[in-house]
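Chemist:
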Amino acid sequence: MSAMQIDEEEASPVEVPLVGEINQVTMHPLVLLSAADHYHRVARGTRKRVVGVLLGSASKGVVDCTNSFAVPFEEDSKNASVFYLDHNYLENMLAMFRKVNAKERVVGFYSTGPQIRQNDLRIHDIVKRFLPSKTITPPVFCIIDIRPDRQSLPTTAYKVVEEVSTRDGQREVKLNFAHVPTEMGAIEAEEVGVEHLLRDINDPTVSTVASLIKGKISGLATLAEKLVECKDYLEACVRGDQKTNPDIVANLQNILNLLPNLNTEEMVRSILIKTNDMQLAIYLSALIRSVIALHDLINNRIRYGENGTDIEEEKKEETEKEKSTTDDDKDKSGSDSKEKTEEKK
Numbered sequence: 016m017s018a019m020q021i022d023e024e025e026a027s028p029v030e031v032p033l034v035g036e037i038n039q040v041t042m043h044p045l046v047l048l049s050a051a052d053h054y055h056r057v058a059r060g061t062r063k064r065v066v067g068v069l070l071g072s073a074s075k076g077v078v079d080c081t082n083s084f085a086v087p088f089e090e091d092s093k094n095a096s097v098f099y100l101d102h103n104y105l106e107n108m109l110a111m112f113r114k115v116n117a118k119e120r121v122v123g124f125y126s127t128g129p130q131i132r133q134n135d136l137r138i139h140d141i142v143k144r145f146l147p148s149k150t151i152t153p154p155v156f157c158i159i160d161i162r163p164d165r166q167s168l169p170t171t172a173y174k175v176v177e178e179v180s181t182r183d184g185q186r187e188v189k190l191n192f193a194h195v196p197t198e199m200g201a202i203e204a205e206e207v208g209v210e211h212l213l214r215d216i217n218d219p220t221v222s223t224v225a226s227l228i229k230g231k232i233s234g235l236a237t238l239a240e241k242l243v244e245c246k247d248y249l250e251a252c253v254r255g256d257q258k259t260n261p262d263i264v265a266n267l268q269n270i271l272n273l274l275p276n277l278n279t280e281e282m283v284r285s286i287l288i289k290t291n292d293m294q295l296a297i298y299l300s301a302l303i304r305s306v307i308a309l310h311d312l313i314n315n316r317i318r319y320g321e322n323g324t325d326i327e328e329e330k331k332e333e334t335e336k337e338k339s340t341t342d343d344d345k346d347k348s349g350s351d352s353k354e355k356t357e358e359k360k
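In this note's numbering, the protein residues as written are 16 to 360.
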């Protein structure tokens, strides 16, 4: 979605970005690990969310989030407008991080969401105070979804824009969140660390049938999640709970126009041919598997016999017994010859 609505109005708004346009947000693995650890330490097993500060750099419209730290945060579940954010802790931690790496500065804040809350704009104003002087790039807001069942990218970034709308003949300007493209990035040291963390997990580059099927299932689950989100948005627009965004409607229309017509005779015939080819391959693989299993069964019967005993092992045992008996006979004959020689003497 291109924008998240917070205040409901009657007229369609016009978005005016703030000073310092943000075109993309790059998230590093260290930030995801820190946010996940923060959530499991503070709010695991609850419906609460955690909030932290993002550190990094910004250049040419690209915000690079390389590090982060947690901030004590509480909000009232009954009254959404009441929350607590420890300013002193934030200031002290920022001073210590500045001693470690002076190049990292405040670039925004993160939340485990998983959705935008009412207090996020106020938190944005608080974090904006800690930006370095003469900074034109505003802070970004990133939602890090730590739910294990999520199949897509766990990060969603937003920037603050000014919405100019007309209501009752008067122009109003209000702040709102707009979506920003997000990608994962890492330096060489982070890549090595992630490889060490994932060394016990199977190599995803190895293409097996199970991994391919698992990838298809996860992709279809993500597609279903996105379709449900689009359906909920359209239903909310029809009910009047949310204003219609023309950009979103245009993108949905383009997606629907790309869908093929499955009612044509050529399409039905091609689908049937493809399905028959796949079914033939599955049938042949089942036959080959059964023939191999039968071959193994015959080999086992030949080796172990009808009663299930190993004939070769029995032969080895018999040969060993024969050798032992011959050795005993030799020992006995040798002892008898010695006794006879002694008697003669």
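Glycine residues also receive a C-beta, built at the ideal position from the N, C-alpha and C atoms.
(1) Nearest to residue 144 by CA position, among 250, 124, 128, is which residue?
(2) What is the DSSP secondary structure of residue 268, counted as helix, strand or coil?
(3) With a threshold of 16 other CB atoms inside 10 Å of the CB of residue 27, please say whether the residue is buried or exposed.
(4) Using only the alpha-carbon positions, how far apart do residue 299 and residue 59 sit?
(5) Answer yes or no: do residue 120 and residue 72 have a C-beta to C-beta separation smaller than 9 angstroms?
(6) The beta strand (DSSP E) with residue 162 in it runs from where to where?
(7) Does the segment 72–81 come into contact with the segment 230–238, if we say contact requires no fewer than three beta-carbon pairs (one atom in each stretch) closer than 8 angstroms?
(8) Using only the alpha-carbon positions, how far apart do residue 130 and residue 158 sit?
(9) Along the alpha helix (DSSP H) that carries residue 189, what are the first and last residues, could you check?
(10) Could you compute how far the alpha carbon of residue 164 sits from the alpha carbon of residue 313?
(11) May I have the straight-line CA-CA distance separating residue 186 from residue 147, to the nearest angstrom?
(12) Run through the segment 85–112 for me and flag every whole beta strand (DSSP E) of 3 or more residues, listed as ranges in chain order.
(13) In or out: residue 336 buried (at least 16 other Cβ within 10 Å) or exposed?
(14) Ends of the beta strand (DSSP E) at residue 73?
(15) Taking DSSP's pairing of strands, which residues face residue 171 in a bridge?
(16) Where does residue 340 fall in DSSP's three states?
(17) Quick one: what does DSSP say residue 120 is sitting in, helix, strand or coil?
Modeler: Walking through what the data contain:
(1) When only C-alpha atoms are compared, the closest one is 124.
(2) Helix.
(3) Only weak support exists for where residue 27 lies, its pLDDT of 45 falling under 50; the value from the coordinates is given anyway. Exposed, because fewer than 16 other Cβ atoms sit within 10 Å of the Cβ of residue 27.
(4) Whole-angstrom Cα-Cα distance: 50 angstroms.
(5) Going by C-beta atoms, residue 120 is nearer than 9 angstroms to residue 72.
(6) Element bounds for residue 162: n/a, residue is neither H nor E.
(7) Contact fails: fewer than three Cβ-Cβ distances are below 8 angstroms.
(8) When the Cα atoms are used, residue 130 and residue 158 turn out to be separated by approximately 7 angstroms.
(9) Following the DSSP letters along the chain, one finds residue 189 in no alpha helix (DSSP H) but inside the beta strand (DSSP E) bounded by residues 185–195.
(10) Cα to Cα, residue 164 sits roughly 46 angstroms from residue 313.
(11) Going by the C-alpha atoms only, they are around 32 angstroms apart.
(12) Counting only unbroken stretches of 3 or more residues, the beta strand (DSSP E) elements lying wholly within the segment 85–112 are 88–90, 98–100, in sequence order.
(13) By the 10 Å Cβ count, residue 336 comes out exposed.
(14) DSSP places residue 73 inside the beta strand (DSSP E), whose first and last residues are 66–74.
(15) Paired residue(s): 158.
(16) Correct three-state label for residue 340: helix.
(17) For residue 120, the secondary structure class from DSSP, reduced to helix, strand or coil, is strand.
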